[in-house]
Ligand code: BDP
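Residue numbers (UniProt numbering): 1 to 711.
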């Protein structure tokens, strides 16, 4: 009772005090536009006195102008008015068609979506130019200019040029029609399907602004575990309403398509992709979709995976299925994103299956099909080697699928900056003549059609992503999708400056904390190449002992194979030989434990507990040392954050503090439960100085989480 009153009292107090009422809750993301203060603010004011439009008016230009006015009003204290000509201090938005004489812009380099920002003299006036070939380019340029201002760039000497390296930069929402988000840890789905198409939540616009600010240009609205209902007329009208909100922001709508829809919706007896009636059904469906959504992006498909229907149900292969849909979308310019996340219960190594099913189909896909491949061969683990399909299907455009939502990395309660993980994958050398980034951006094999997808971490939570720091993962995905060569550290610096603080010392301290966080989670969950030790179903918390699931390859024991003799999955020639799916140079390196990086050791090798590690420790001692290092890093993150109290607004500082305390507790839980279990298997004593787990193994095994989110 007293607590209720106390809470109510506090809420009342917060509502009454203006400072508190305006407390930051994270809703504004990285578009918070707080006053720059000091010289920077005066400079920005001088450089954005007015807005000049040298471009045809479109809804996208309107969006750019609105954002610039909002941004400058916040950062500089005064919104610029529209002016008919280039007066000194004007911000000139120019597209090629109406570019004023005297503009010095390398138009051809900018393509359809790129932009140039520069300070220059135009018709005798000192102005800033935002130039692009299209209105979308202008919008991206406007956001880039605001980002430059927010991150403390010298606006008097601005000279930037950028064009995206990847064509389709997509969020994948695993959102169900009842608003439950599969693997969602940030509340319910943003899409209020019931109230659509008539009622449009204003939040849809803020969602679009946030994505456009990063260059994200497409969104798959519904879960890959799709319901056919999404393709019915009422739901297409709802999707069309969302498409209408997103269109000015350069964002196209896509849908996950259920392969059996011709049976479920069309009353056909089969969904066989070679059946003429089935093909006709999909063509008619595509025509119907494009009548409702003329710029519809296309279909994402999960087929013959985890119980979803697909072409194999009819003895056909993935190319048959994908090409049928591609044929239906082709006249409208749509694409098929066909997922390669497949595995069946009877195979010997789940990590080897996608390659086995897809690689032989290289060259058999229609030109508007992209095969969408997860970053690793298992499933979004804290660390996996890059997927062996990258580089191995030169005739097929491959999209990289990353998971922004942290299904296997502590949901939204653990602070883990995924920029580091994304960067590691993109920069991985495939051994086929280029990195994963070069495969994905099409340069390695000259593919004009390119895509990158991130499984969204967005929901109805006020802070959008379930925690303040999870916003950084959405941000990092978008920035790296635009430029896969960008540095995760630089991206983090920008995010911190836009979101928390521009003060260099504080900003750098937060960035350091973020950059340490990914290795920390690897250490306290799955060090040394271990994977899938998470508990059943919800994937939260440790469950290395789980061995009773109906399918072998759902069990953690299947993945770590720990026994008296040692630990690890032998994927070399003496085991599943999945390592041979990599290019020869990489395969050779990873087939030998002496040349396998310790980070991937137990992914590829089953080794005795006494195996000597480069550190001089035994494998057993190294494993325990790494679990301990993970906990120590999280403690250190907590200390660093505590020291930043004066630099961060109280609400967000306090919130992150409580989250970090949960993470510190749960990192210990992970460490102790895993050590207790592995010790029960190895039978070895703990190395000197290592404290025994806080509880016995039975206590960890007894924990249950019936209502964990996201299932
Ligand atoms: C796994 C998730 C599951 C997804 C599946 C997928 O546990 O919820 O449906 O991947 O990607 O990570 O299709």
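C-beta atoms are modelled at their ideal positions from N, C-alpha and C, and glycine is treated no differently. Only a predicted model underlies this, so the values are computations on that prediction, with no experimental measurement involved.
Residue i CB to nearest heavy atom of ligand 1 below 7 Å
i, result
"residue 550", "no"
"residue 176", "no"
"residue 407", "yes"
"residue 717", "Lying outside 1 to 711, the shown extent of the chain, residue 717 is not represented and no answer is given."
"residue 383", "no"
"residue 224", "yes"
"residue 357", "no"
"residue 182", "yes"
"residue 341", "yes"
"residue 302", "yes"
"residue 380", "yes"
Counterpart residues of residue i in DSSP-defined beta bridges
i, result
"residue 115", "162"
"residue 439", "Note: residue 439 sits in no beta bridge, so no partner."
"residue 172", "220 and 455"
"residue 308", "BP columns for residue 308 are empty, so no partner."
"residue 121", "126"
"residue 254", "220 and 298"
"residue 195", "DSSP lists no partner for residue 195."
"residue 53", "93"
"residue 374", "401"
"residue 534", "542"
CA nearest to the CA of residue i, picked from the options
i, options, result
"residue 56", "343, 50, 65 and 48", "65"
"residue 535", "529, 549 and 527", "549"
"residue 369", "169, 450 and 164", "450"
"residue 61", "116, 627, 202 and 140", "140"
"residue 514", "182, 636 and 524", "636"
"residue 375", "567, 465, 400 and 188", "400"
"residue 360", "378, 326 and 395", "395"
"residue 247", "33, 58 and 591", "58"
"residue 466", "105, 709, 71 and 84", "709"
"residue 581", "231, 541 and 389", "389"
"residue 113", "588, 250 and 409", "250"
"residue 671", "40, 36, 632 and 434", "632"
"residue 537", "584, 704, 270 and 48", "704"
"residue 574", "545, 547, 607 and 583", "607"
"residue 406", "38, 152, 649 and 457", "457"
"residue 288", "177, 216 and 240", "240"
"residue 411", "659, 706, 564 and 39", "659"
"residue 711", "235, 408, 655 and 489", "408"
"residue 699", "45, 545, 46 and 656", "545"
"residue 300", "49, 564, 279 and 231", "231"
"residue 277", "380, 324 and 254", "324"
"residue 604", "585, 586, 579 and 322", "579"
| Does the count of Cβ pairs from the region 384-399 and the region 512-526 closer than 8 Å reach three? | no
| field | Inter-stretch contact at 8 Å, needing at least 3 Cβ pairs: the region 181-200 / the region 78-91 | value | no
| task | Kindly confirm or deny that the region 490-503 and the region 676-690 touch, where touching means at least three C-beta pairs closer than 8 Å. | result | no
| Segment contact flag, the region 596-604 with the region 400-419, C-beta cutoff 8 Å, min 3 pairs | no
| field | Inter-stretch contact (C-beta, 8 Å, three-pair minimum) for the region 150-168 and the region 204-213 | value | no
| task | Give a yes or no on contact between the region 539-556 and the region 342-350, applying the rule of three or more CB pairs nearer than 8 Å. | result | yes
| query | Contact between the region 129-145 and the region 357-367: three or more CB pairs below 8 Å? | reply | no
| query | Is there contact here, the region 556-565 with the region 528-547, by at least three beta-carbon pairs under 8 Å? | reply | yes
| Three CB pairs or more closer than 8 Å across the region 608-628 and the region 669-682 | yes
| field | the region 470-488 touching the region 416-427, judged by at least three CB pairs closer than 8 Å | value | yes
| message | Three Cβ pairs or more, each shorter than 8 Å: is that satisfied between the region 501-511 and the region 186-198? | response | no
| message | Under 8 Å, with one C-beta from each stretch per pair, do the region 169-177 and the region 149-156 reach the 3-pair mark? | response | no
| said: Taking 8 Å as the cut-off, does the region 259-273 touch the region 214-222 (at least 3 CB pairs, one atom from each stretch)? | reply: no
| At least 3 beta-carbon pairs within less than 8 Å: the region 91-107 vs the region 27-46 | no
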